[in-house]
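S.K.: These protein sequences, in sequence, are chains P and R. Per the working numbering, the very first residue in the first sequence carries number 128; after that it's consecutive. Per the working numbering, the very first residue in the second sequence carries number 128; after that it's consecutive. The structure that follows is given in the form of structure tokens.
Number of protein chains: 2
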Amino acid sequence: MTKSDTRQRILDRAAEIIHRKGFNNTGIQEILDSAEVPKGSFYFYFKSKEALGLALIDYHAQRFAALSEAVLKDSDGSPLERLKRFFDAVKERYEQEAWKSGCPIGNLTQEMASLNPAFQTKLKEVFARMATAMRDCLHEACAYGEINPSLDVESTADFIVNSWEGALLRMKAEGSIEPLKVFQEILFNRILKA
Amino acid sequence: MTKSDTRQRILDRAAEIIHRKGFNNTGIQEILDSAEVPKGSFYFYFKSKEALGLALIDYHAQRFAALSEAVLKDSDGSPLERLKRFFDAVKERYEQEAWKSGCPIGNLTQEMASLNPAFQTKLKEVFARMATAMRDCLHEACAYGEINPSLDVESTADFIVNSWEGALLRMKAEGSIEPLKVFQEILFNRILKA
């Protein structure tokens with residue numbers, strides 16, 4: 128097992144536990160136990176718990192980027208069809224955990240953005256990248272004649288990212304997928320309608 | 128100083144500190160110190176830290192209800208004018224703390240809904256009450272001819288509450304009021320437009 132494998136295993140376990148329990152509420156020891164990494168070797172992989180938290184933001188951002196690359200930039204389907212497939216795919220992920228834990232990036236924002244400037248800077252960047260992915264897709268949809276051309280693409284992209292985060296938050300409060308369905312319904316049949 | 132005054136002072140201080148630092152990340156002692164209540168007397172006022180957390184949800188819900196009663200049910204202005212004034216008033220509250228801490232109800236949801244069923248039940252109820260306040264206002268706006276009559280008022284009310292929560296989350300990540308402005312722009316000029 129290489130150093131990088133072990134680091135990845137720590138990240139995988141940290142992502143799961145912190146998503147469920149929160150960052151401040153999770154101890155390093157619990158993560159190491161779950162990753163079966165010997166006590167005391169944490170600092171060989173991460174300089175601090177903060178460094179682990181920042182690496183976790185990258186971890187979740189990469190998952191978003193991979194899904195966005197695979198679905199939003201797919202050659203199959205119109206821009207809006209791909210956007211729908213994208214939200215369906217994310218919805219499916221949340222369905223697997225019974226809509227309990229919410230968005231990991233949203234959770235870390237609520238918990239850490241006001242406590243730690245390094246977290247805030249990184250989270251802000253991740254949201255900006257999410258909005259860029261939406262913006263690119265909306266520009267394509269506009270050129271394709273699929274959405275109302277009077278739409279301000281920049282602000283709509285931000286609105287989509289933010290409203291999706293809000294829908295995931297409400298999903299967590301409800302323990303139900305309903306808020307995600309309402310989001311998709313109003314986004315596609317009202318806001319983006321040509 | 129009566130028992131109820133002291134309880135209120137503990138709640139005021141807990142609301143401020145937990146809003147800033149998070150529920151799990153705040154110790155009872157820190158709250159008591161800040162409220163200048165003698166060490167050890169906490170359990171005279173609250174059965175447990177959980178009971179304090181649940182009382183805090185009521186505390187924030189009452190603030191929402193008071194603002195909603197004062198602004199949304201005001202006799203002055205059309206339904207949509209009142210809705211705009213409502214979001215402006217909330218925006219002003221967040222401006223006073225430099226958009227740092229986000230929505231206290233949203234924060235508690237992200238942190239506690241999946242960890243504690245009693246929190247989840249109460250948070251779910253609060254969101255439902257927020258949606259009801261929006262729904263009543265939209266019904267009035269519909270009767271007044273201010274919004275598109277094809278709108279599904281129930282789901283739009285939920286969408287507004289959720290998207291507003293998402294805008295507050297993004298505000299926290301950005302340290303900026305911009306996401307709230309984008310929310311208002313798209314809500315009033317696109318979604319609700321008659």
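Idealized CB from N, CA, C, for every residue including glycine. Since we're looking at a predicted model, the values are computed, not measured.
1. Could you spell out where the alpha helix (DSSP H) holding P/Arg-134 opens and where it closes?
2. Against chain P, which members of the region 228 to 247 of chain R pass a CB distance test of less than 7 Å?
3. Are the CB atoms of P/Ile-274 and P/Ala-321 within a distance shorter than 8 Å?
4. Hey, would you say P/Ile-318 sits closer than 8 Å to R/Ile-313, going by beta carbons?
5. Within a Cβ cutoff of 7 Å, which residues of the same chain sit near R/Arg-209, ignoring the five residues on either side of it in sequence?
6. By the 10 Å Cβ neighbour count, where 16 or more other Cβ atoms means buried, how is R/Thr-236 classified, buried or exposed?
7. For P/Arg-256, count the other beta carbons within 10 Å of its own beta carbon; 16 or more makes it buried, fewer makes it exposed. Which is it?
8. Quick check: is the beta carbon of R/Asp-285 nearer than 8 Å to any beta carbon in chain P?
9. Could you tell me which residues DSSP puts in a beta bridge with R/Ile-274?
10. Is the Cβ of P/Phe-254 closer than 8 Å to any Cβ of chain R?
11. Going by the beta-carbon positions, is the gap between P/Trp-291 and R/Gly-293 smaller than 8 Å?
12. For chain R, check one thing: does any of its Cβ atoms lie closer than 8 Å to the Cβ of P/Arg-212?
13. Assuming P/Thr-133 and P/Tyr-172 make a contact with CB atoms under 8 Å, what is their CB distance in whole Å?
14. Output, in sequence order along the chain, the residues in the region 156 to 182 of chain R whose CB is closer than 9 Å to any CB in chain P.
15. Residues of chain P with a CB under 7 Å from the CB of R/Arg-147: which are they?
16. If you check the beta carbons only, do R/Phe-150 and R/Gly-180 fall under 8 Å apart?
17. May I have a chain-ordered list of the beta strand (DSSP E) segments no shorter than 3 residues that lie completely inside the region 168 to 243 of chain R?
18. Skipping 5 residues on each side, what residues in its chain have a beta carbon closer than 6 Å to that of R/Gln-311?
19. Can you tell me the Cβ-Cβ gap for R/Ala-284 and R/Ala-245, rounded? I've got them flagged as a contact below 8 Å.
20. Would you mind working out which of R/Gln-156, R/Glu-143, R/Ser-195 sits nearest R/Gly-167, comparing C-alpha positions?
21. Can the beta-carbon of R/Leu-296 be found less than 8 Å from the beta-carbon of P/Gly-233?
22. With a cut-off of 8 Å on the beta carbons, I'd call P/Lys-251 and R/Glu-305 a contact; round off their distance for me.
23. Taking just the CA atoms, how far does R/Asp-279 sit from P/Asn-316?
24. I want to verify the contact list: residues of chain R whose CB lies under 8 Å from the CB of P/Glu-208, in sequence order.
25. Can you name the start and end residues of the alpha helix (DSSP H) that R/Ser-290 belongs to?
26. Return the CA-CA distance between R/Tyr-221 and R/Met-298, expressed in angstroms with no decimal places.
27. From P/Gln-135 to P/Ala-182, what distance separates their C-alpha atoms?
28. At the level of alpha carbons, what is the spacing between P/His-187 and P/Ser-131?
29. I'd like to check one pair, R/Arg-140 with R/Ala-162: are the Cβ atoms closer than 8 Å?
30. Rounded to whole angstroms, what is the Cα-Cα separation between R/Ser-241 and R/Thr-248?
31. Helix, strand or coil for R/Val-309, going by three-state DSSP, please let me know.
32. Is R/Pro-206 near R/Ala-142, with beta carbons less than 8 Å apart?
33. If R/Ser-228 sits next to P/Val-309, beta carbons under 8 Å apart, how far is it from one beta carbon to the other, in whole angstroms?
34. Closest to R/Lys-176 by CA distance: which of R/Leu-159, R/Leu-307, R/Gln-189, R/Tyr-271 is it?
35. Identify the contact partners of R/Ala-300 in chain P, using a Cβ-Cβ distance below 7 Å as the criterion.
36. What's the gap between the Cα of R/Ile-137 and the Cα of R/Ser-303?
M.R.: If we stick to the structure as given:
1. Stepping through the first sequence from its first residue, residue 134 of chain P is reached at position 7. It spans 130 to 148 - the alpha helix (DSSP H) in which P/Arg-134 sits, taken as one unbroken run.
2. Ser-228, Gly-229, Gly-233, Asn-234, Thr-236, Gln-237, Glu-238, Ala-240, Ser-241, Leu-242, Gln-247
3. Walking along the first sequence from the start, residue 321 of chain P turns up at place 194. Walking along the first sequence from the start, residue 274 of chain P turns up at place 147. Yes, these two residues count as a Cβ contact at 8 Å.
4. On the first sequence, residue 318 of chain P is found 191 positions in, with the first residue counted as 1. On the second sequence, residue 313 of chain R is found 186 positions in, with the first residue counted as 1. Yes. Within cutoff.
5. The residue labelled residue 209 of chain R in the question sits at position 82 within the second sequence. The residues are Val-198, Leu-199, Asp-201, Cys-264.
6. Locating residue 236 of chain R in the second sequence gives position 109, where the first residue counts as 1. Classification for R/Thr-236: buried.
7. For the purposes of this step, residue 256 of chain P is taken as the residue at position 129 of the first sequence. It counts as exposed.
8. As a working mapping, residue 285 of chain R is identified with position 158 in the second sequence. For R/Asp-285, the answer is yes, since a Cβ of chain P falls inside 8 Å of its Cβ.
9. For the purposes of this step, residue 274 of chain R is taken as the residue at position 147 of the second sequence. Answer is R/Lys-320.
10. Stepping through the first sequence from its first residue, residue 254 of chain P is reached at position 127. Yes, P/Phe-254 lies at the interface with chain R (some Cβ there is under 8 Å from its Cβ).
11. Start at 1 with the first residue of the first sequence, and residue 291 of chain P comes out as number 164. Start at 1 with the first residue of the second sequence, and residue 293 of chain R comes out as number 166. Cβ atoms of P/Trp-291 and R/Gly-293: closer than 8 Å.
12. Stepping through the first sequence from its first residue, residue 212 of chain P is reached at position 85. For P/Arg-212, the answer is no, since every Cβ of chain R falls outside 8 Å of its Cβ.
13. Reading the first sequence from its first residue, position 6 is the one you call residue 133 of chain P. Reading the first sequence from its first residue, position 45 is the one you call residue 172 of chain P. About 7 Å; that satisfies the 8 Å criterion.
14. none
15. Counting from 1 along the second sequence, the entry for residue 147 of chain R is found at position 20. Neighbours of R/Arg-147 on chain P, chain order: Ser-241.
16. Counting from 1 along the second sequence, the entry for residue 150 of chain R is found at position 23. Counting from 1 along the second sequence, the entry for residue 180 of chain R is found at position 53. Yes, the pair counts as a contact, with Cβ atoms nearer than the cut-off.
17. none
18. For the purposes of this step, residue 311 of chain R is identified with residue 184 of the second sequence, where counting begins at 1. Correct list, in chain order: Phe-214.
19. One-based indexing of the second sequence puts residue 284 of chain R at position 157. One-based indexing of the second sequence puts residue 245 of chain R at position 118. Incorrect: roughly 26 Å between the Cβ atoms, too far for contact.
20. Sequence index remark: in the second sequence, residue 167 of chain R carries index 40 (1-based). Cα-wise, what sits closest to R/Gly-167 is R/Gln-156.
21. Along the second sequence, read from residue 1 onward, the residue named residue 296 of chain R stands at position 169. Along the first sequence, read from residue 1 onward, the residue named residue 233 of chain P stands at position 106. Against a cut-off of 8 Å, the Cβ pair of P/Gly-233 and R/Leu-296 comes out as a contact.
22. The residue given as residue 251 of chain P occupies position 124 in the first sequence. The residue given as residue 305 of chain R occupies position 178 in the second sequence. With 8 Å as the limit, P/Lys-251 and R/Glu-305 do not qualify as a contact, their Cβ atoms being about 11 Å apart.
23. For the purposes of this step, residue 316 of chain P is taken as residue 189 along the first sequence, with counting starting at 1. For the purposes of this step, residue 279 of chain R is taken as residue 152 along the second sequence, with counting starting at 1. Near 11 Å, if we compare the C-alpha coordinates of R/Asp-279 and P/Asn-316.
24. Your numbering for residue 208 of chain P matches position 81 in the first sequence. Result: empty, since nearest Cβ-Cβ is about 22 Å, beyond 8 Å.
25. For this step, residue 290 of chain R is matched to residue 163 along the second sequence. Where R/Ser-290 is concerned, the enclosing alpha helix (DSSP H) stretches over 280 to 301.
26. Locating residue 221 of chain R in the second sequence gives position 94, counting from the first residue. Locating residue 298 of chain R in the second sequence gives position 171, counting from the first residue. Roughly 9 Å between the two C-alpha positions.
27. By one-based count along the first sequence, residue 135 of chain P stands at place 8. By one-based count along the first sequence, residue 182 of chain P stands at place 55. Roughly 10 Å separates the two Cα atoms.
28. Along the first sequence, read from residue 1 onward, the residue named residue 187 of chain P stands at position 60. Along the first sequence, read from residue 1 onward, the residue named residue 131 of chain P stands at position 4. Whole-angstrom Cα-Cα distance: 17 Å.
29. The residue given as residue 162 of chain R occupies position 35 in the second sequence. The residue given as residue 140 of chain R occupies position 13 in the second sequence. Going by C-beta atoms, R/Ala-162 is nearer than 8 Å to R/Arg-140.
30. For the purposes of this step, residue 241 of chain R is taken as residue 114 along the second sequence, with counting starting at 1. For the purposes of this step, residue 248 of chain R is taken as residue 121 along the second sequence, with counting starting at 1. So the alpha carbons of these two residues sit roughly 11 Å apart.
31. Here residue 309 of chain R corresponds to residue number 182 of the second sequence, with the count starting at 1. Residue state, collapsed to three classes: helix.
32. Stepping through the second sequence from its first residue, residue 206 of chain R is reached at position 79. Stepping through the second sequence from its first residue, residue 142 of chain R is reached at position 15. No.
33. What you label residue 228 of chain R is simply residue 101 of the second sequence in a count that begins at 1. What you label residue 309 of chain P is simply residue 182 of the first sequence in a count that begins at 1. The pair is not a contact, with the Cβ atoms about 27 Å apart (cut-off 8 Å).
34. Position 49 of the second sequence, counting from 1, holds the residue named residue 176 of chain R. Of R/Leu-159, R/Leu-307, R/Gln-189, R/Tyr-271, the residue nearest in Cα terms is R/Leu-159.
35. Here the question's residue 300 of chain R lines up with position 173 in the second sequence. Here the neighbours are Thr-236, Ala-240, Gln-247, Leu-250, Lys-251, Phe-254.
36. As a position in the second sequence, residue 137 of chain R is number 10, starting the count at 1. As a position in the second sequence, residue 303 of chain R is number 176, starting the count at 1. In a straight line, the C-alpha of R/Ile-137 is about 30 Å away from that of R/Ser-303.
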